[in-house]
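Q: First the structure, then my questions, so here it is.
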Amino acid sequence: MNISPKIEKMGFNSWFLENMSEEADGFEIARVVAVHKDRFTISDGEQDILAELVGKMLYSAESPLDFPTVGDWVVANFYDDRTFSIIHDILPRKSILKRKTPGKKIDFQLIAANIDVAFIVQSLDDNFNLRRLERYLVMVNEGNINPIVLLSKSDLLSSEQIADKLDQIKVIMPDLPVLQFSNVNKSGLKDVKDLLKNRQTFCLLGSSGVGKTTLLNNLIGESVFETKTVREKDSKGRHATTRRQLIILDNGAMVVDTPGMRELGNFSVQQGLGETFDEIEVLTQNCQFRDCRHLDESGCAVLNAVSEGHLSGKRYQSYIRMSKEAAYNDMSYHEKRSKDRKLGKFYRSVMKHKKNQS
Ligand SMILES: Nc1nc2c(ncn2[C@@H]2O[C@H](COP(=O)(O)OP(=O)(O)OP(=O)(O)O)[C@@H](O)[C@H]2O)c(=O)[nH]1
Ligand SMILES: [Mg+2]
Ligand SMILES: [Zn+2]
Numbered sequence: 024m025n026i027s028p029k030i031e032k033m034g035f036n037s038w039f040l041e042n043m044s045e046e047a048d049g050f051e052i053a054r055v056v057a058v059h060k061d062r063f064t065i066s067d068g069e070q071d072i073l074a075e076l077v078g079k080m081l082y083s084a085e086s087p088l089d090f091p092t093v094g095d096w097v098v099a100n101f102y103d104d105r106t107f108s109i110i111h112d113i114l115p116r117k118s119i120l121k122r123k124t125p126g127k128k129i130d131f132q133l134i135a136a137n138i139d140v141a142f143i144v145q146s147l148d149d150n151f152n153l154r155r156l157e158r159y160l161v162m163v164n165e166g167n168i169n170p171i172v173l174l175s176k177s178d179l180l181s182s183e184q185i186a187d188k189l190d191q192i193k194v195i196m197p198d199l200p201v202l203q204f205s206n207v208n209k210s211g212l213k214d215v216k217d218l219l220k221n222r223q224t225f226c227l228l229g230s231s232g233v234g235k236t237t238l239l240n241n242l243i244g245e246s247v248f249e250t251k252t253v254r255e256k257d258s259k260g261r262h263a264t265t266r267r268q269l270i271i272l273d274n275g276a277m278v279v280d281t282p283g284m285r286e287l288g289n290f291s292v293q294q295g296l297g298e299t300f301d302e303i304e305v306l307t308q309n310c311q312f313r314d315c316r317h318l319d320e321s322g323c324a325v326l327n328a329v330s331e332g333h334l335s336g337k338r339y340q341s342y343i344r345m346s347k348e349a350a351y352n353d354m355s356y357h358e359k360r361s362k363d364r365k366l367g368k369f370y371r372s373v374m375k376h377k378k379n380q381s
């Protein structure tokens with residue numbers, strides 16, 4: 024199968040072809056650019072088309088992973104002069120961003136797929152927070168995505184104040200790329216633009232109100248997307264952006280804007296934790312016990328580093344908290360899944376029994 028230049032332009036490449044499980048003869052490949060309630064907008068590289076899922080996908084879905092998300096590549100059929108389409112399958116994902124569903128519910132939610140670079144945005148004035156940054160980093164690293172930190176609203180702080188915040192990141196994560204910018208006086212915008220490479224997909228992550236959509240509008244050069252202009256105390260929690268969508272910039276780079284997240288819980292985060300807290304991961308190799316939990320064990324190299332002042336206590340706690348949370352979320356999710364499955368079996372056997380009786 025040849026790759027058409029139309030979809031190649033949107034980032035499709037041989038990786039996806041090589042990893043496809045079935046031949047897509049008679050189908051076309053398109054990219055999901057927006058997710059609505061139970062419908063999708065997909066793009067064939069030229070136009071946007073409304074799409075629905077084929078029945079088989081709906082009925083066989085077992086987890087949120089079985090539904091398309093923004094950035095996914097799908098195989099689809101087009102109808103009615105390409106104004107409508109049916110999605111038949113999702114292609115394997117190169118990367119995936121997911122988080123725990125907000126609140127007590129133990130389930131997860133897909134944020135985007137096939138993202139190359141995630142911009143984690145924090146505003147320098149009141150949103151800057153290292154622990155929150157670590158949370159985003161775990162999610163991004165776990166998803167197999169390259170993180171870049173963008174610190175917004177640099178117009179509101181003095182250069183000394185900004186340098187101090189940059190230092191705080193540098194001390195604990197020296198290799199993490201960090202840029203500062205302002206949507207108001209436009210400083211640093213050129214640096215952000217220079218990061219955007221054609222055929223690559225970027226996403227904007229971060230709390231509500233940090234300026235993600237304003238940045239996107241600046242990158243487009245037009246105010247196409249709605250931003251929040253007034254931010255009063257009581258309007259906190261209301262999001263200017265309400266849904267995720269993928270936008271193609273003039274230079275061929277793609278950007279997914281997301282609504283700010285108030286809660287960021289992670290699932291199975293082994294790789295994500297390891298990459299985010301790599302200095303702790305290195306320490307664990309010197310723990311006396313191989314199954315050390317780094318909580319109260321003797322001979323724990325991590326605890327020793329904290330008591331000797333080589334590792335900040337706050338960073339250590341952040342690491343432990345996220346490991347515990349992930350383990351709990353994982354466990355509860357698997358329990359819930361197996362319960363759901365048992366219940367499903369029970370219903371099916373009841374139905375069968377009824378059928379046999381009638
Ligand atoms: N001073 C200053 N204000 C900014 C800057 N960027 C954005 N703002 C303001 O911050 C507010 C929120 O901006 P948005 O772009 O809507 O924020 P968002 O991150 O998209 O928020 P959600 O869509 O709710 O997640 C708006 O009032 C912007 O004008 C900046 O660089 N400096
Ligand atoms: Mg927004
Ligand atoms: Zn230990």
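If you read the sequence shown in the numbering used here, its first letter stands for residue 24, the second for the next number, and so on.
Glycine included, each C-beta is placed from N, C-alpha and C at the ideal position.
1. Taking the CB atoms as reference points, tell me whether Val97 and Ile113 lie closer together than 8 angstroms.
2. Rounding to the nearest angstrom, what Cα-Cα distance links Gln191 and Phe50 in this structure?
3. Can you pull the DSSP bridge partners for Lys123?
4. Report, in whole angstroms, the separation of the C-beta atoms of Val161 and Gly295, which I expect to be a contact under 8 angstroms.
5. Where do the ends of the alpha helix (DSSP H) carrying Val93 lie?
6. For my contact list, Lys235 and Leu242 are in at a C-beta cut-off of 8 angstroms; report their separation, rounded to the angstrom.
7. If you drop the 5 nearest sequence neighbours on each side, which residues of the same chain put their C-beta closer than 6 angstroms to that of Ser230?
8. I'd like the list of long-range same chain contacts for Val253, defined as Cβ closer than 7 angstroms, with 5 residues on each side in sequence excluded.
9. Quickly, what does DSSP pair Asn169 with across the bridge? List them, please.
10. Strictly by DSSP, which residues pair up with Gln268?
11. Tell me whether His317, by its Cβ, gets closer than 7 angstroms to a heavy atom of ligand 3.
12. Considering Cα atoms alone, identify which of Phe35, Lys123 and Ser181 is closest to Asp353.
13. Below 8 angstroms CB to CB, which residues in the same chain sit around Arg105 once its five sequence neighbours on both sides are set aside?
14. Can you give me the C-alpha to C-alpha distance between Gln311 and Lys347, rounded to a whole angstrom?
15. Secondary structure at Val98, three-state DSSP: helix, strand or coil?
16. From this set, Lys121, Gln132, Ala84 and Asp178, which residue's C-alpha is nearest Ile168's C-alpha?
17. Kindly indicate which residue of Gly336, Glu302 and Asn221 has the alpha-carbon position closest to the one of Lys32.
18. Since Thr299 and Asn164 should fall inside the 8 angstroms C-beta cutoff, what is the C-beta to C-beta distance between them, to a whole number of angstroms?
19. Kindly indicate the opening and closing residues of the beta strand (DSSP E) around Gln74.
20. Shorter than 7 angstroms, the distance from the beta carbon of Pro282 to the closest heavy atom of ligand 1, or not?
21. Can you determine whether any heavy atom of ligand 1 sits closer than 7 angstroms to the C-beta of Asn206, and answer yes or no?
22. Apply the 10 Å Cβ neighbour rule to Asp257 and answer buried if 16 or more other Cβ atoms are within range, or exposed otherwise.
23. Please identify the residue among Ile303, Leu81, Arg266 and Gly232 whose C-alpha is closest to the C-alpha of Thr64.
24. On a CA-only basis, which of Phe225, Ser181 and Pro115 is nearest Phe142? Give me that one, please.
25. State the DSSP-derived secondary structure class of Asp112, mapped to helix, strand or coil.
26. Count the other CB atoms, across all protein chains shown, that sit within 10 Å of the CB of Ser381; report buried if there are 16 or more and exposed otherwise.
27. Do Arg116 and Asp89 come within 8 angstroms of each other at the CB atom, strictly closer than that value?
28. Within this structure, are the beta carbons of Val329 and Gly322 separated by less than 8 angstroms?
A: Taking the structure as given:
1. Going by C-beta atoms, Val97 is nearer than 8 angstroms to Ile113.
2. If I take the Cα positions, the gap works out to 51 angstroms.
3. Phe131
4. 4 angstroms
5. Note, Val93: premise wrong, no alpha helix (DSSP H); not H, not E.
6. Contact annotation, Lys235 with Leu242: C-beta distance approximately 11 angstroms; criterion of less than 8 angstroms not satisfied.
7. Asn150 and Gly283
8. With a pLDDT of only 47 at Val253, under the threshold of 50, the placement of this residue in the model should not be trusted; the figure read from the coordinates follows. Closer than 7 angstroms at the Cβ level, and outside the excluded window around Val253, lies no residue.
9. Val140
10. Ala57 and Asp280
11. yes
12. Lys123
13. Around Arg105: Asp67, Gln70 and Ile72.
14. 21 angstroms
15. The DSSP-derived three-state label of Val98 is strand.
16. Lys121
17. Asn221
18. 5 angstroms
19. It should be noted that the sequence gives Ala, not Gln, for residue 74. Asp71 to Leu76 is the extent of the beta strand (DSSP E) around Ala74.
20. yes
21. Because some heavy atom of ligand 1 lies under 7 angstroms away, the Cβ of Asn206 counts as near it: yes.
22. Residue placement at Asp257 is poorly supported in this model, since its pLDDT is 44, which falls under 50; the coordinates still yield a value, given next. With fewer than 16 Cβ atoms within 10 Å of its Cβ, Asp257 is classed as exposed.
23. Arg266
24. Phe225
25. strand
26. In this prediction, Ser381 has a pLDDT of 47, which is less than 50 and means its spatial position is unreliable; what the coordinates show is noted afterwards. Exposed: under 16 other Cβ atoms inside 10 Å.
27. Cβ atoms of Asp89 and Arg116: not closer than 8 angstroms.
28. no
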